[in-house]
Each structure stands twice: as C-alpha cells, then as structure tokens.
Amino acid sequence: DSGVTQTPKHLITATGQRVTLRCSPRSGDLSVYWYQQSLDQGLQFLIQYYNGEERAKGNILERFSAQQFPDLHSELNLSSLELGDSALYFCASSALFSGAPLPNTEAFFGQGTRLTVV
Amino acid sequence: DQQVKQNSPSLSVQEGRISILNCDYTNSMFDYFLWYKKYPAEGPTFLISISSIKDKNEDGRFTVFLNKSAKHLSLHIVPSQPGDSAVYFCAASASGNQFYFGTGTSLTVIP
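Taken in order, these protein sequences are the chains called A and B.
Note that our numbering has the first sequence beginning at 6, numbered continuously upward.
Note that our numbering has the second sequence beginning at 255, numbered continuously upward.
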C-alpha cells in the first residue's frame, strides 16, 4: 500500500459528460501529480500541485483542470469527455519541497482510476 | 517531446539470467533518476533511484547505472525471477520538479 488513495477505481461515462477524480496523498506529502496512461502508452504528466498551488503543467488539455485543497487532497476534473480520454489516470504524491536545496525523493502512486468514455 | 525514452517496448529473459533495461534522456538538467515497476491494474511502485552525483546504486538484485556523458541509465536485475515480470518505467526529475517518465519496457522472465 503506497498510502495514496484514488477514487473511484473505475468510471464509465458518456461522451460530453464531466467527471471528477479524487486523490488523497500520503500523509505529510505536499506535492501531488496527475498522470494519464492511455493504452500502450507511457505515463504522460498532466499537472503538479504543491501545497495548494499549481507548480508545473504538462500535456493537460484545456478541458481538464485540477486543484489541490487545504487538506492537500486533489481533484482532477475532466469535462466534455471524448472517446480518446479513456485511460488510466494516476495520482502520485511526494515529499518534494519548494525551494532549494531539494532532497531527492520518489513519488508514490495510487492504484489509478480507469476511465472509460462510451 | 519525450525527454525520457525507453526504446525497447519489451524484453524476454530466462529465469536466473540478467535482465538489462535501458533508458535514455535528453535534458541535461535532470539530476535524479528512478525506476518504477508496474503490474497490470496497479499503480507504479518505486523500485530504485540514483542521484546524478553517483554512477551506480545497488539494492539487492537491482542495480542502476548512470552514464551522464551518454545521458543513459540502465537497470540490471540479477538473477531474474518470474515475479519480476512487469512493465518497468524509467523516470527523471530536475531540481525536484515534476517526474518525466519513459514509455515503459515490458519484461517477461521465462521460468
């Protein structure tokens, strides 16, 4: 158990709909990352939050948005869903700190949410 | 732009032999490298890492080698076991920023 909790585990929805994926990071981790893994693809970085603020943005579509709340849990909102959005969405957390020097630390992943858009 | 590349999508190795998984990167600012292992329907789990100030890190059967001049790292698994069969992702980060992942190499260890 990585300590990162993602809900729901599975989600089936229709095109054009909006869904929210939830992530609770490991206790004490301030950084949360969202990744998308499509079929036979690697882990595509979407976005990172650190202590409630957006820290880095990857290949995240404008239809997607995320936020991190004061209790450090994070939500990924996907709207106007298309068939191509079907994928595994992973959340990860780490104890990365903002500013220097930064300790090297790994990211811990949740079990993922499998989104199927029909 | 894929900053971390794993050019071998799959690898098959006999049980007991060495498995060598390779990874190349393009960003010279990367200073921390990691390997993750992923089973189907599970999230990636951290396996081993290496800082850019080192060229080798060993943990049991797993050793990661880093060649900074070639921007290349590799994961050696010796001896390979059937339970090692999984997808292995290489990842890198720069100054504590987001982790960039490769596309993964599917390792099959044949009993």
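Note that beta-carbon positions come from the ideal geometry of N, C-alpha and C, so glycine has one too.
Q. Anyone know if the C-beta pair for residue 100 of chain A and residue 110 of chain A falls short of 7 Å?
A. By 1-based counting over the first sequence, the position of residue 100 of chain A is 95. By 1-based counting over the first sequence, the position of residue 110 of chain A is 105. The answer is yes: Cβ separation under 7 Å.
Q.
Between B/265, B/314 and B/307, which has its C-alpha nearest residue 283 of chain B's C-alpha?
A. Counting from 1 along the second sequence, the entry for residue 283 of chain B is found at position 29. Nearest C-alpha to residue 283 of chain B: B/307.
Q: Using a Cβ cut-off of 7 Å (strictly closer), state whether residue 95 of chain A contacts chain B.
A: For the purposes of this step, residue 95 of chain A is identified with residue 90 of the first sequence, where counting begins at 1. For residue 95 of chain A, the answer is yes, since a Cβ of chain B falls inside 7 Å of its Cβ.
Q.
Taking 7 Å as the threshold (beta carbon to beta carbon), is residue 111 of chain A in contact with chain B?
A. Position 106 of the first sequence, counted from the first residue, corresponds to residue 111 of chain A. Closer than 7 Å: yes.
Q: Could you please give the first and the last residue of the uninterrupted beta strand (DSSP E) stretch that includes residue 261 of chain B?
A: Taking the second sequence and counting its residues from 1, the one referred to as residue 261 of chain B is at position 7. Element bounds for residue 261 of chain B: n/a, residue is neither H nor E.
Q | Contact with chain B by residue 116 of chain A, beta-carbon distance below 7 Å | A | The count along the first sequence starts at 1 and reaches residue 116 of chain A at position 111. Closer than 7 Å: yes.
Q.
Counting beta carbon pairs with one atom in the segment 319-328 of chain B and one in the segment 23-40 of chain A, are three or more of them shorter than 8 Å?
A. no
Q: Would you mind telling me which residues of chain A sit closer than 8 Å to residue 357 of chain B, beta carbon to beta carbon, in chain order?
A: Looking up residue 357 of chain B in the second sequence gives position 103. Chain-order list of chain A residues neighbouring residue 357 of chain B: 46 and 47, by C-beta distance under 8 Å.
Q. Does any C-beta atom of chain A lie closer than 7 Å to the C-beta of residue 351 of chain B?
A. In the second sequence, counting from the first residue as 1, residue 351 of chain B sits at position 97. Taking Cβ atoms only, chain A reaches closer than 7 Å to residue 351 of chain B, which makes this a yes.
Q.
Let me check one thing: in DSSP terms, what residues is residue 12 of chain A bridge-paired to?
A. Sequence index remark: in the first sequence, residue 12 of chain A carries index 7 (1-based). Note: residue 12 of chain A sits in a beta bridge opposite A/27.
Q. For a contact meaning CB atoms closer than 7 Å, what does residue 297 of chain B contact in chain A?
A. For the purposes of this step, residue 297 of chain B is identified with residue 43 of the second sequence, where counting begins at 1. The contacting residues are 7, 95, 114, 115, 116 and 117.
Q.
Does the CB of residue 73 of chain A have a neighbour CB from chain B at under 7 Å?
A. As a working note, residue 73 of chain A is residue 68 in the first sequence. No, residue 73 of chain A does not count as interfacial toward chain B.
Q) Relative to the C-alpha of residue 317 of chain B, which residue among B/263, B/364 and B/273 is closest? A) Along the second sequence, one-based indexing puts residue 317 of chain B at 63. Minimum Cα distance to residue 317 of chain B is reached at B/273.
Q.
Is residue 19 of chain A close to chain B? Criterion is C-beta to C-beta, closer than 7 Å.
A. One-based indexing of the first sequence puts residue 19 of chain A at position 14. Taking Cβ atoms only, chain B never reaches closer than 7 Å to residue 19 of chain A, which makes this a no.
Q.
Taking DSSP's pairing of strands, which residues face residue 345 of chain B in a bridge?
A. In the second sequence, counting from the first residue as 1, residue 345 of chain B sits at position 91. Answer by DSSP bridge pairing, in chain order: B/288 and B/355.
Q: Whole angstroms is fine: what's the gap from residue 113 of chain A's alpha carbon to residue 9 of chain A's?
A: Residue numbering aside, residue 113 of chain A sits at position 108 when the first sequence is read from its first letter. Residue numbering aside, residue 9 of chain A sits at position 4 when the first sequence is read from its first letter. Cα-Cα distance, rounded: 7 Å.
Q.
Let me confirm a value: residue 280 of chain B is counted as buried when at least 16 other C-beta atoms fall within 10 Å, else exposed. Which label applies?
A. The sequence position of residue 280 of chain B within the second sequence is 26, counting from 1. So residue 280 of chain B ends up on the exposed side.
Q. Is the beta carbon of residue 331 of chain B less than 7 Å from the beta carbon of residue 268 of chain B?
A. Numbered from its first residue, the second sequence carries residue 331 of chain B at position 77. Numbered from its first residue, the second sequence carries residue 268 of chain B at position 14. Their beta carbons are not under 7 Å apart, which means residue 331 of chain B does not touch residue 268 of chain B by this criterion.
Q. Which word fits residue 3 of chain A, buried or exposed, when buried means at least 16 other C-beta atoms lie within 10 angstroms of its C-beta?
A. This structure cannot settle anything about residue 3 of chain A, because the visible part of chain A is limited to 6 through 123.
(Q) Rounded to the nearest angstrom, what separates residue 329 of chain B and residue 344 of chain B at their Cα positions? (A) Here residue 329 of chain B refers to the residue found at position 75 of the second sequence. Here residue 344 of chain B refers to the residue found at position 90 of the second sequence. Those two C-alpha atoms are separated by around 9 Å.
**Q.** For residue 48 of chain A, three-class secondary structure by DSSP
**A.** The sequence position of residue 48 of chain A within the first sequence is 43, counting from 1. Correct three-state label for residue 48 of chain A: coil.
Q.
What does the alpha-carbon distance come out to for the pair residue 87 of chain A and residue 25 of chain A?
A. Residue numbering aside, residue 87 of chain A sits at position 82 when the first sequence is read from its first letter. Residue numbering aside, residue 25 of chain A sits at position 20 when the first sequence is read from its first letter. Straight-line Cα distance between these residues: approximately 15 Å.
**Q.** Per DSSP, the bridge partner or partners of residue 71 of chain A
**A.** Numbered from 1 along the first sequence, position 66 holds the residue referred to as residue 71 of chain A. Paired residue(s): A/81.
Q. From A/80, A/90 and A/20, pick the residue whose C-alpha is nearest to that of residue 43 of chain A; which is it?
A. Within the first sequence, numbered from 1, the residue matching residue 43 of chain A stands at position 38. It is A/90.
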